[in-house]
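Asks: Chains as they are written, first to last, in the numbering used here: chain A, 265 to 475; chain B, 265 to 475; chain C, 265 to 475. By construction, the Cβ of each residue, glycine as well, lies at the ideal position given by its N, Cα and C atoms. To start, I am sharing the structure in question, which I have written as structure tokens.
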Amino acid sequence: MNASVIGAALYAVEVIGIAAFALSGIIEAARRRLDVVGITAVAGLAAFGGGTLRDLLLDRRPLFWVEHNELLWMVFALALAAPLFLRGRHFSLTERAMQLPDAIGLGLFCASGTQIALAMNLPLLVSVLMGLFTAIIGGVLRDIVCNEIPRVFSDHRPYALCAFAGGWVLVGADSLGFEEWLCLFLGAATATISRIAAILLDWEIPRWRTE
Amino acid sequence: MNASVIGAALYAVEVIGIAAFALSGIIEAARRRLDVVGITAVAGLAAFGGGTLRDLLLDRRPLFWVEHNELLWMVFALALAAPLFLRGRHFSLTERAMQLPDAIGLGLFCASGTQIALAMNLPLLVSVLMGLFTAIIGGVLRDIVCNEIPRVFSDHRPYALCAFAGGWVLVGADSLGFEEWLCLFLGAATATISRIAAILLDWEIPRWRTE
Amino acid sequence: MNASVIGAALYAVEVIGIAAFALSGIIEAARRRLDVVGITAVAGLAAFGGGTLRDLLLDRRPLFWVEHNELLWMVFALALAAPLFLRGRHFSLTERAMQLPDAIGLGLFCASGTQIALAMNLPLLVSVLMGLFTAIIGGVLRDIVCNEIPRVFSDHRPYALCAFAGGWVLVGADSLGFEEWLCLFLGAATATISRIAAILLDWEIPRWRTE
């Protein structure tokens with residue numbers, strides 16, 4: 265498979281992931297009664313926060329949303345249209361419907377972030393962390409702005425762990441000399457599938473005992 | 265008008281805007297019973313947070329407050345002097361008195377941020393967003409540190425929208441080939457005047473309906 | 265004393281400081297009932313947040329934890345082991361036991377941050393602020409993620425002030441032409457000793473009067 269085909273496929277999936285993350289921000293912001301500015305801002309933070317932090321930490325410019333500013337327009341459009349398609353429905357229904365695209369976004373973002381760092385010859389753990397940041401920091405910033413403890417840190421559900429596992433699978437495949445597209449695929453699939461399994465099978469992270 | 269005259273004029277207005285933003289931080293921090301360290305920190309965040317994020321995102325160094333570190337001293341002095349000139353007055357009075365300099369700061373910061381990004385040949389929407397970030401992120405960080413949902417996202421008053429409009433006016437004027445100082449002036453004036461109109465005429469952003 | 269010996273000594277003390285800061289994050293996160301992902305994240309933020317912000321502001325790459333990624337493994341190990349050594353003890357006991365390493369971390373981080381900025385010929389106040397950020401921003405981020413007003417801004421105890429004083433002592437010693445290791449030592453000692461004195465003697469920052 266040549267690079268431009270992989271690039272186009274990655275980009276298509278990225279659009280889905282960004283839309284899913286933006287929607288999670290819109291729902292959270294609407295729940296907290298933010299105004300349209302706040303809804304747009306939280307949608308943007310959720311969608312672009314992780315990749316932006318990754319790019320800042322790795323000193324990459326232009327930022328991915330500067331290069332692809334059509335993504336910004338998409339998130340704007342989603343935030344403005346949200347009152348239309350969300351009104352009258354229960355948020356929780358929408359939230360359930362979003363779990364699949366969100367899991368896809370999780371997988372893709374963790375794989376692309378890890379791959380970008382690997383290509384810069386960073387240490388393996390750092391590469392995996394960059395993938396993890398890309399995948400989860402948007403949600404963390406969304407929750408901080410909404411004045412909540414980030415869900416990914418407190419809900420005892422595997423989410424960051426799925427991205428972490430996916431990153432290590434990608435790194436492992438890479439060190440076995442697999443082709444780039446296969447590494448990306450295996451990493452993303454690990455994260456996405458383990459996340460879906462966690463939801464379907466109701467997995468929980470063990471609780472901290474303090475008594 | 266030559267560049268150094270514009271530069272000096274811009275700098276003078278910037279000092280006013282930074283002082284207004286720092287004061288908004290001081291009042292918020294004092295309300296939340298922070299100590300003198302917290303008051304100084306929140307003042308600094310409110311005054312410098314937006315421009316710092318802009319410079320990080322655009323990879324500009326030195327940061328504007330490193331180049332003009334007399335601005336840091338000014339904010340320090342304001343924070344330390346605040347107990348003297350605020351004691352015995354009602355915060356709300358001071359807050360009302362600050363609405364004009366705050367609106368001026370909003371206009372200037374959005375115009376200068378947008379112009380800086382335009383000069384780097386960034387896409388128009390990205391340039392407008394850089395102006396917007398310069399203008400509002402200081403207040404967002406101030407509110408997050410004070411453990412509140414950022415006011416700019418939740419009070420249903422046009423604030424970010426004024427900066428957004430000002431940015432587009434600047435971008436429009438620039439694409440019509442107007443001189444730089446005129447673009448800056450039109451952009452800043454749009455943001456400042458629309459903000460003042462919003463306060464005087466009690467404009468509200470439409471509410472999200474969820475019933 | 266030659267540079268590599270200083271370097272090795274600094275590194276050894278830095279490890280202690282990072283461990284102390286990570287522990288403060290672990291305790292805070294456990295108090296707030298975060299899960300193991302959250303505990304690890306807050307430990308990492310507390311340990312690496314300040315230095316990372318300093319490196320971003322100064323545009324230094326690779327980030328210190330990229331260069332020394334064994335520090336990441338250490339924090340991971342601490343976070344995972346925490347339930348073992350914290351279970352059954354009172355957090356407050358651990359917190360008291362941490363005050364000494366925390367004060368050492370404070371001194372070392374403020375000294376190393378100030379020194380790094382001085383070596384880049386930044387203005388003195390900016391250099392001192394870089395030391396201060398290195399020392400306190402980790403704790404600030406820890407508290408923000410845990411949905412609290414940062415303790416360093418609100419507990420009326422000298423903490424940031426100790427780092428601030430240490431930074432100025434370092435800068436003063438440097439301008440007197442002292443050797444680098446001596447400047448570092450004097451700065452770190454000032455911050456650490458003043459912090460310990462503040463704890464032992466129960467110093468308080470004067471309160472803001474608003475009546």
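Are there three or more Cβ pairs, one per stretch, closer than 8 Å when the region 357 to 377 of chain C is compared with the region 270 to 284 of chain C?
Replies: Yes: the two stretches touch, three or more of their Cβ pairs being nearer than 8 Å.
Asks: Quick one: is A/A311 near chain B, going by C-beta distance under 8 Å?
Replies: Locating residue 311 of chain A in the first sequence gives position 47, where the first residue counts as 1. No, because no Cβ of chain B sits closer than 8 Å to the Cβ of A/A311.
Asks: Quick one: residues in its chain with C-beta nearer than 7 Å to the C-beta of B/I303, no 5 flanking neighbours on either side, listed in chain order?
Replies: Here residue 303 of chain B is taken as the residue at index 39 of the second sequence, counted from 1. Answer for B/I303: I290, A293, A294, A343, A346, listed in chain order.
Asks: On a CA-only basis, which of A/L464, A/V269, A/V306 is nearest B/V404? Give me that one, please.
Replies: Counting from 1 along the second sequence, the entry for residue 404 of chain B is found at position 140. That would be A/V306, whose Cα lies nearest to the Cα of B/V404.
Asks: Would you say B/I457 reaches chain A, if we count a Cβ-Cβ gap shorter than 8 Å as a contact?
Replies: Numbered from its first residue, the second sequence carries residue 457 of chain B at position 193. By this cut-off, B/I457 is not an interface position.
Asks: Cβ of B/W432 less than 8 Å from any chain C Cβ?
Replies: Mapped onto the second sequence, residue 432 of chain B falls at position 168. It does not; no Cβ of chain C falls within 8 Å.
Asks: Going by alpha carbons, who is nearest to A/R296 out of B/P414, B/G436, B/R459?
Replies: Your numbering for residue 296 of chain A matches position 32 in the first sequence. If we check each option's Cα against that of A/R296, B/P414 comes out closest.
Asks: Let's test the definition: count the other Cβ atoms within 10 Å of the Cβ of B/L440 and tell me whether it reaches 16, buried, or not, exposed.
Replies: Residue numbering aside, residue 440 of chain B sits at position 176 when the second sequence is read from its first letter. B/L440 comes out exposed.
Asks: Beta-carbon within less than 6 Å of B/A273's beta-carbon, same chain only, minus the 5 sequence neighbours each way: which residues are those?
Replies: The residue you call residue 273 of chain B lines up with position 9 of the second sequence. The answer is none, since no qualifying residue turns up.
Asks: Just checking: is the beta-carbon of B/F417 within a distance shorter than 8 Å of some beta-carbon in chain A?
Replies: Sequence index remark: in the second sequence, residue 417 of chain B carries index 153 (1-based). Output row for B/F417: interface = yes.
Asks: Are the beta-carbon atoms of C/L448 and C/L434 separated by less than 8 Å?
Replies: Sequence index remark: in the third sequence, residue 448 of chain C carries index 184 (1-based). Sequence index remark: in the third sequence, residue 434 of chain C carries index 170 (1-based). Contact: yes.
Asks: With a cut-off of 8 Å, does the C-beta of C/L386 fall near any C-beta of chain B?
Replies: If you number the third sequence from 1, residue 386 of chain C lands on position 122. Chain B, which has a Cβ nearer than 8 Å to the Cβ of C/L386, makes this yes.
Asks: In the DSSP assignment, find the unbroken alpha helix (DSSP H) run with C/W467 in it and report its ends.
Replies: Locating residue 467 of chain C in the third sequence gives position 203, counting from the first residue. DSSP places C/W467 in no alpha helix (DSSP H); its state is neither H nor E.
Asks: Return the residue from the list A/V330, A/G431, A/A311 that minimises the CA-CA distance to A/A375.
Replies: In the first sequence, the residue the question calls residue 375 of chain A occupies position 111. Taking A/A375 as reference, the option from A/V330, A/G431, A/A311 with the minimal CA-CA separation is A/G431.
Asks: Please state whether DSSP places C/I460 in a helix, a strand or coil.
Replies: The count along the third sequence starts at 1 and reaches residue 460 of chain C at position 196. Three-state DSSP puts C/I460 in a helix.
Asks: So what's B/L348 in DSSP terms, helix, strand or just coil?
Replies: Mapped onto the second sequence, residue 348 of chain B falls at position 84. In this structure, B/L348 counts as helix in the three-state DSSP scheme.
Asks: Counting contacts by CB-CB distance shorter than 8 Å, is B/I469 in contact with chain A?
Replies: Position 205 of the second sequence, counted from the first residue, corresponds to residue 469 of chain B. Residue contact with chain A for B/I469: present (Cβ-Cβ distance below 8 Å to some residue of chain A).
Asks: Does the separation of the CB atoms of B/A455 and B/A429 fall below 8 Å?
Replies: Your numbering for residue 455 of chain B matches position 191 in the second sequence. Your numbering for residue 429 of chain B matches position 165 in the second sequence. Yes, these two residues count as a Cβ contact at 8 Å.
Asks: Helix, strand or coil, according to DSSP, for C/R421 in the structure here?
Replies: Residue 421 of chain C sits at position 157 when you count from the first residue of the third sequence. In the structure shown, C/R421 sits in coil (DSSP, three-state: anything other than H, G, I, E or B).
Asks: Mind checking whether A/I469 and A/R406 have CB atoms under 8 Å apart?
Replies: Locating residue 469 of chain A in the first sequence gives position 205, counting from the first residue. Locating residue 406 of chain A in the first sequence gives position 142, counting from the first residue. For A/I469 and A/R406, no; Cβs fall outside 8 Å.
Asks: As a quick exercise: from B/L464, B/F417, B/V269, pick the residue whose alpha carbon is nearest that of A/V301.
Replies: Your numbering for residue 301 of chain A matches position 37 in the first sequence. Nearest C-alpha to A/V301: B/F417.
Asks: Helix or strand or just coil, what does DSSP make of A/F442?
Replies: Here residue 442 of chain A corresponds to residue number 178 of the first sequence, with the count starting at 1. Residue state, collapsed to three classes: coil.
Asks: Go to C/M394, then tell me how far its alpha helix (DSSP H) extends in each direction, as first and last residue.
Replies: For the purposes of this step, residue 394 of chain C is taken as the residue at position 130 of the third sequence. For C/M394, the enclosing alpha helix (DSSP H) begins and ends at 388 to 409.
Asks: Are any of the Cβ atoms in chain C nearer than 8 Å to that of B/G302?
Replies: Walking along the second sequence from the start, residue 302 of chain B turns up at place 38. True, the Cβ-Cβ gap to chain C drops below 8 Å.
Asks: How many angstroms separate the CA atom of A/D299 from the CA atom of B/Y423?
Replies: In the first sequence, counting from the first residue as 1, residue 299 of chain A sits at position 35. In the second sequence, counting from the first residue as 1, residue 423 of chain B sits at position 159. Taking the straight line joining both Cα atoms gives about 11 Å.
Asks: Taking 8 Å as the CB-CB limit, is B/A424 close to chain A?
Replies: Here the question's residue 424 of chain B lines up with position 160 in the second sequence. By this cut-off, B/A424 is an interface position.
Asks: From what residue to what residue does the alpha helix (DSSP H) around A/L320 run?
Replies: In the first sequence, the residue the question calls residue 320 of chain A occupies position 56. From DSSP, the alpha helix (DSSP H) with A/L320 extends over 300 to 322.
Asks: Report the option in C/R360, C/V330, C/L393, C/L386 whose CA atom is closest to the CA atom of C/F373.
Replies: Stepping through the third sequence from its first residue, residue 373 of chain C is reached at position 109. Nearest of C/R360, C/V330, C/L393, C/L386 to C/F373, Cα basis: C/L393.
Asks: Could you give the C-beta distance for B/S391 and B/A381, rounded to a whole number, given that I count them as a contact under 8 Å?
Replies: Counted from its first residue, the second sequence places residue 391 of chain B at position 127. Counted from its first residue, the second sequence places residue 381 of chain B at position 117. Going by Cβ atoms, the distance from B/S391 to B/A381 rounds to 4 Å, so yes, they are a contact pair.
Asks: Can you tell me the Cα-Cα spacing of C/D419 and C/E412, whole angstroms?
Replies: The sequence position of residue 419 of chain C within the third sequence is 155, counting from 1. The sequence position of residue 412 of chain C within the third sequence is 148, counting from 1. Spanning the two alpha carbons is a distance of roughly 12 Å.
Asks: Cα separation between C/P326 and B/L321?
Replies: Counting from 1 along the third sequence, the entry for residue 326 of chain C is found at position 62. Counting from 1 along the second sequence, the entry for residue 321 of chain B is found at position 57. Using only the alpha carbons, I get a separation of about 17 Å.
Asks: To the nearest angstrom, how far is it from the Cα of C/W329 to the Cα of C/D466?
Replies: Counting from 1 along the third sequence, the entry for residue 329 of chain C is found at position 65. Counting from 1 along the third sequence, the entry for residue 466 of chain C is found at position 202. So the two alpha carbons sit approximately 35 Å from each other.
Asks: How big is the Cα-Cα spacing for A/E475 and C/F349?
Replies: Counting from 1 along the first sequence, the entry for residue 475 of chain A is found at position 211. Counting from 1 along the third sequence, the entry for residue 349 of chain C is found at position 85. Because the pLDDT of A/E475 is 43, which lies under 50, any placement of that residue in the model is unreliable, and the number read from its coordinates should be weighed accordingly. A/E475 and C/F349: Cα-Cα distance of roughly 13 Å.
Asks: Against B/I460, what residues of chain A qualify as contacts under a CB-to-CB distance less than 9 Å, listed in chain order?
Replies: Taking the first residue of the second sequence as position 1, residue 460 of chain B is located at position 196. Per Cβ cutoff of 9 Å: no residues; B/I460 is ~18 Å from chain A at best.
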